[in-house]
Amino acid sequence: MVRRTDGSSTSRLLREGKGGDFEGGPNIPEVQPGSLEGSSINVAEQLVGFMDMSRSFEIKIKMINEMKELDDSGTTMMRYA
Numbered sequence: 395m396v397r398r399t400d401g402s403s404t405s406r407l408l409r410e411g412k413g414g415d416f417e418g419g420p421n422i423p424e425v426q427p428g429s430l431e432g433s434s435i436n437v438a439e440q441l442v443g444f445m446d447m448s449r450s451f452e453i454k455i456k457m458i459n460e461m462k463e464l465d466d467s468g469t470t471m472m473r474y475a
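Here this note's numbering is used: the first residue of the sequence shown is 395, the next is one more, and so on.
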């Protein structure tokens, strides 16, 4: 069951019941002023992966176009036969 802490539309939602979304651990999380949190992804790896997927997509599109051309030429040959 979900309830609002107050009547405003921007209020934080709290879950009734034990634990909320997940159980907390023994350490209480803290926010340290003046510190930065690192990213959870490696940008270089993601860029290389994106380029690899892009190349793979281009190759598949070229293959589809080649198959279509072969089909069209086969159809043309069948007409003359």
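Note that CB positions come from ideal geometry on N, CA and C, so glycine has one too. Being a predicted model, the structure only gives us computed values, none of them experimental.
Residue i: first and last residue of the uninterrupted alpha helix (DSSP H) it sits in
i, result
"V437", "V437 to Y474"
Same chain, Cβ closer than 8 Å to residue i, five either side skipped, listed in chain order
i, result
"N436", "none"
Cβ shell of residue i (< 6 Å), same chain only, five flanking positions each side left out
i, result
"S467", "none"
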